[in-house]
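Single-structure report; data block below.
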Amino acid sequence: MSHEVSFTGQITPDQVPMIAENGFKTIINNRPDGEEPNQPTSAEIEAAAKEAGLAYKEISFSGNGLTQQHVEAFADFFNQAEQPMLIFCRTGNRSNGIYEAAKQMDLLDD
């Protein structure tokens, strides 16, 4: 598999133009709103992504709350989204986990 994906911790709306300048086409958010004070909302990041011409999708879940439905929703979006793609949560670990789960279930297109 040759996916162009990067995993990172929390991003902010003002970082989105730079993300676009770095060649990313899609952002996936795996972090629910309100996990910590002053965390930017999904809607704020989505608005910045749209303004920068990036696709955006929130598939959020708590640290130990990953379900089959999350993985399938992630794979459905992933397979039709443009790469390279930046996938984020609080630290990047959840995002890496959902990607690996989708790969192990053979849900991701090559």
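Residue 7 is where the sequence shown starts when you use my numbering, and the numbers rise one by one after that. We treat Cβ as the ideally placed atom computed from N, Cα and C, and that holds for glycine.
Suppose you measure from the CA of His76 to the CA of Leu92; what does that come to, to the nearest Å? Going from the Cα of His76 to the Cα of Leu92 covers about 17 Å.
Going straight from the alpha carbon of Glu42 to that of Arg96, what length do you get? So the two alpha carbons sit approximately 10 Å from each other.
Helix, strand or coil for Asn64 per DSSP? As written in the sequence, residue 64 is Glu, which differs from the Asn given in the question. In the structure shown, Glu64 sits in a strand (DSSP, three-state: E or B).
Hey, would you say Tyr62 sits closer than 9 Å to Thr14, going by beta carbons? Taking 9 Å as the Cβ cut-off, Tyr62 and Thr14 do not qualify as a contacting pair.
Of the residues Phe30, Ser48, Asn44 and Gln16, which one's Cα is nearest the Cα of Ile65? Among Phe30, Ser48, Asn44 and Gln16, the Cα nearest to that of Ile65 is on Ser48.
Excluding the 5 residues flanking Pro19 on each side, which residues of the same chain have their C-beta closer than 8 Å to its C-beta? Contacts found: Pro46, Glu50, Ile51, Ala53 and Ala54.
Ser8 (DSSP reduced to helix, strand or coil): Of the three classes helix, strand and coil, the one that applies to Ser8 here is coil, per DSSP.
Assuming Phe83 and Ile34 make a contact with CB atoms under 8 Å, what is their CB distance in whole Å? In this structure Phe83 is in contact with Ile34, their Cβ atoms being roughly 7 Å apart against a cut-off of 8 Å.
For Ala79, collect the residues of the same chain with a Cβ closer than 8 Å to its Cβ; drop the 5 residues on either side in sequence, then sort them by chain order. Ile65.
Please determine, among Phe30, Gly71 and Pro23, the residue with the shortest C-alpha to C-alpha distance to Glu57. Considering only alpha carbons, the answer is Pro23.
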